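Per mature numbering (1 follows the signal peptide of the UniProt record, and there is no 0): the sequence shown = residues -42 to -1, 1 to 999. Just so it is clear, CB atoms sit at the ideal spot from N, CA and C, and this is done for glycine as well. Just so it is clear, the structure is predicted and the values come from calculations on it, not from any experiment. Here's the structure, in structure tokens; my notes come after.
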Amino acid sequence: MGPHSSLSGRCVHRVTLPLRIHCVRLIPLILMLRLAAMDAAAATSLPKTGTTTSGDIKSSLSPWRLSVFSNEHVRTGRLERDTNRTSTVFPPLTASLKSLSEVSSRLLHDLPLNEFAIEKDVTDPCSLLNVYLPRKRSSRFRQYIAKVVDISPNVEHAEKDVNRTFVASRPDLTVINMHGLHPGHQYSISVIGRRDGESELIKEESVIMDPIAPDFGSRNATILSSHTNITLRALKPERAVQDTFRISYAQLDPVKYFPKLDVHDIMEQHHIEIYLGNLYPGHDYNVSITSLINEIEGKPWTGILTTKPLSPENVTVVDVNASCAQVAWTMPSRSGADRFSITYGPENGDAKTNKLDLPLQTAVDVCGNLQPGVTFLFTVIAKKHHEQSEPSTVSYTLKPKPPENLRIIVDYLKRKFRLTMDVPSEVESKIDECHVSIVTEGFDTIERKVGIEDARSTVLPRKCSLFIDLHPGRRYEISAVTTSGGATSNKLSKSFALQPAFDMKAFGLSLQEESGGLQLEWPNNELIRARLADIWQNIVGNDSSLHMRVDPQSRTSHWKEQSKQFESKPSDNEPVVVPNLRRGSCYKVQIYTVTKSGIVSAQRFEEMHRMSAPSVNVTTEEIAKTTAVFRIALDTVDNVDLDECSISLIVLDMHGTSIYEGTVRLSKQPARVPLHGLRPYHKYAINAQIICGKSVEHTCAPKTRTMEQVTFETRQGRPGPVQNLTVRALNPYSVQLLWFPPALANGVITHYIVGIHPVDETDRDWLVNVGASPAHMDHTVDAIVDNLIGGLKYRMDVRAVTEAGEGDISAASDAVFVEMPILPPPRPTARIEILRNTVRSTDVTVRYSTAMFSTKHGLLSKYAVIVSEVTGDERMNENRIFEHYNKTATWGQVQRFDVWPPYVAIESPIEPVRKFFPSRVISDVIGVDSTCEDIDVEAVCNGPLKAGTAYRFKLRIYTAPSLWTDSDFSELVVTGFTAVGSRVTFIRSHLATVTKWMRYLKADFACTDYNLPNKTVVFQIATPIRLIRQAHIVIPLKFVV
């Protein structure tokens, strides 16, 4: 089928929606009688077989029909019942339809028939029908129904469509759509009105659906084109009815019309075949196929069909170059082609086929995917649109690639000449063998066929080679080609005079430097000499000789040296010696063979040889701490090329670091080289190398001579600073120092000096010596420093010492600082001393020495004298109520206790000195302050002691408010007694104490009873403290009369 074919008016199969129509009620008796009369007339007038014409139906049927509907189907009378029972088909009453509708309308309703129209759907006239209802709603009918009955003649009952009914679909209730009808079938359509279960026939018509043409573009259809005819085959549309197929076709360019063809349909056949003949090759034809029934034409199938063009003729292939070939052909005069297609590929194998599409031309250069030497099949096809001619094929073998690099190689093992050439790889070209032709000086020709040596890989070049008997010094002309499948490559030719063989290794020659010159020696082994004689005879020539030439290359010499040339043969059995060559100078050495006719060997020994460098003496002369001088002198100045040679000097320290690099030109006079900036007590090595020639000269490599290394050691000096100095406090008076020895010891370290420098103190700095041992040279050194004071900050440094003196101190940024921790002072070893002659009733004098003050754990801030009352059994009140936050009670706070707990009587600051030397004695009177009752109870006050009471005293020393240490308690002392007349005063004194204690508790009190004989006073106390609401507290007042 042509690319422009199309099918117009194709029927669309639609789903038939079922419609349930309920039974109607019985009609009046008069209508029943009328129906009976109609059935009788129809039974007597209609024929049993054949087709009934519209005239017969008109004369036999009554002018109207009654339809009775069951639950599922619509029944319309005996005519339709007979149609469903038998194969006899009655066509619809087309001629009398109008009269019947008019009678029905006149008798049953008042609706005008012209408002009911039955028409084919313009979008699909082969399967769709529309019944158009009145736009104005009728009061008589509430619903309209269309009944469809297939009354197609000459159609078997099984092929007919089933009877169906349709109703108007929403939202448009003025149209009844009937779908799913079969193309070419004849249908009877009855329009029925319903209301309240009653049905009435309104209108009846017969309609033949448009036929449909076969689809020759479907999968089940085929269109076969040849040069002069076109055959179309396709299945007929299912259940479609037609009686004729009409074929119209015309040639497009040039325009030519053909008579129309009518093909009658055979209903028993399911397919159709159409043959169009007497056409022209390679032309387009517009073909239209239309189905007809009763002269009703459906929409045609149309398509542009093309006949096959004629095949190309006289196809030829010619090589253009190694990768291209030209394909040419001729085109028949009436070919009709508009383009050509060329396919080509290897004749043998499964290689991919290549394809080229070309415009209307008769030759093309093919350059893609061609392999030289391979036989290809070239196929040329003429095309017209989608049609193509029979292929025209030709087989052609492309020329293989020619050989390359034709050369003569000497085979020393077989002592023959080998002719060899490179052949392209298997990937590049297919080659079967090589053909070689050799023409001598006497015009004798030698022809040889040579096989190809396989390579290790298909992408590597191959070789053709063969042994031939040739004579050095004679002229030859050699040509070679490659062949493949009868095709021959281009010829490779070469004309030359055969050169003698030469190979230093194969000849067993050795070249060496000897006694200021060069010496070329022949092999000494007899077997090797015999083999050399055979080589000389076959591939060198008995009349050929060995030549050695030495050319000076140095250009800086003060004199011009001449070239030297020597000649020899194996039969001479003497070495070739070139004497008196200058040390360090460059020479070009050439060794080769020459025939009697003067033809030089292709292979030769060529070497740019530089004579060995001269030797020198290196000695040290002056060595100090940071300087040294060494001397350089030549061993001999004869036959030395001084302009070409120099001395490279490198001086390394003990760590392999270069401290001096320099170059000194060789001269006849000794040279002195000074070294500065050396490190004391360091080992150094002098490396001297004589270099003759320049490293940038690639033609003549420089020669070097490395002299024996010379070492020396500088004298000792002051050491460098120590490394990684750290400090760690061990306690308030000791630290640990850690450090690594200096990186530059500059000698043997005898000891270290540690400097201690107090910060913000008036004390002087002091030094500590730390011994050193060889074991410390590579390990950490540690030292303990004592006699420090807690709380002070110190800066410390360490210096190493050698026999040359003290080393340097580390940089200020590397200085270490330490701040000593503070602890409570050490416990004093002495106690407070009581002066017995100063004991009175309320005070006593004590004495202690500053020798009890120790600054070992830190500078002292203050001291205090602690007073504690002792009971008769020598016990003290250990009440801890005042020990919270490390605070001891004051004199005012202990007045509420019967037995006074320890309290601070005296508190005094201490001068921040490092040592209390010389010591001094301090005396304090305890209990002399009579104003303590008038000050705050939390204030330290040296209030009076109780008369006749035992006390002990101790000294408390502070380094910080929360860090303190007590001495041992002093000996027991008892204060003096008061007179009898003093009772009231004593009681009043106790009352004053109680009053102050009450003020401390913020309480109200009143004296309720006083009994002097019983030594008691009773108070009523009210206090806001939660622990004491109201209580009677009896405070005993102890006193002695």
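In the assembly as shown, residue 813 is a buried residue. Its beta-carbon has 16 or more other beta-carbons within 10 Å. Close CB contacts of residue 252 within its chain, under the 8 Å cut and outside five residues either way in sequence, are with 166, 201 (chain order).
Ranked by Cα distance from residue 755, the options 823, 721, 680, 792 are led by 680. Residue state for residue 84 is assigned as coil, using DSSP reduced to three classes. In the structure shown, the three-state DSSP call for residue 105 is strand. Here the alpha carbons of residue 725 and residue 912 stand approximately 39 Å from one another.
CA-to-CA, the gap between residue 860 and residue 808 works out to about 23 Å. The three-state reading of DSSP puts residue 494 in helix, counting H, G and I together. In chain order, 523, 548 place their CB closer than 6 Å to the CB of residue 507, counting only its own chain and leaving out the 5 sequence neighbours on each side. For the pair residue 585 and residue 672, the Cα-to-Cα distance works out to about 8 Å.
Contact check for residue 355 and residue 280: beta-carbon distance about 14 Å, past the 8 Å limit, so the pair fails to qualify.
Nearest C-alpha to residue 706 among 730, 292, 823, 429: 730.
Apart from the 5 residues on each side of it in sequence, residue 878 sits with its Cβ closer than 6 Å to the Cβ of 808 in its chain, given in chain order. Rounded to the nearest whole angstrom, the C-alpha separation of residue 180 and residue 309 is 33 Å.
Assigned with DSSP and collapsed to three states, residue 810 falls in helix.
Considered as a whole, the segment 446 to 474 harbours 450 to 455, 468 to 472 as its complete beta strand (DSSP E) runs of no fewer than 3 residues, in chain order.
DSSP places residue 771 in the helix class (H, G or I) of the three-state scheme. It is roughly 18 Å from the alpha-carbon of residue 579 to the alpha-carbon of residue 617. The Cβ atoms of residue 503 and residue 534 lie no closer than 8 Å to each other. Ranked by how close their Cα comes to the Cα of residue 538, the residues 532, 560, 476 have 476 in first place. In the three-state reduction of the DSSP assignment, residue 805 falls in the strand class, which pools E and B. Under the three-state reduction of DSSP, residue 392 is assigned to strand. In the structure shown, the three-state DSSP call for residue 137 is coil. Of the residues assessed, residue 457 falls on the buried side of the cut-off, its CB having 16 or more other CB atoms within 10 angstroms. The beta-carbon distance between residue 324 and residue 283, rounded to whole angstroms, is 5 Å. This is short enough to meet the 8 Å contact definition. The residue among 530, 513, 527, 569 with its C-alpha nearest the C-alpha of residue 540 is 569. In the displayed model, residue 892 falls within a helix according to three-state DSSP. A residue is called buried once 16 or more other Cβ atoms fall within 10 Å of its Cβ, and residue 264 is buried on that count.
Nearest in C-alpha terms to residue 244, of all of 462, 215, 219, 224, is 215. Measuring C-alpha to C-alpha distances from residue 529 to each of 493, 557, 560, 545 identifies 493 as the nearest. Boundaries of the beta strand (DSSP E) harbouring residue 505: 503 to 510, taken from the DSSP string. C-alpha of residue 655 to C-alpha of residue 424: approximately 42 Å in a straight line. The Cβ atoms of residue 765 and residue 699 lie no closer than 8 Å to each other.
Pairing residue 865 with residue 934, the inter-Cα distance amounts to about 25 Å.
According to the DSSP assignment, residue 550 belongs to the beta strand (DSSP E) that extends over 544 to 552.
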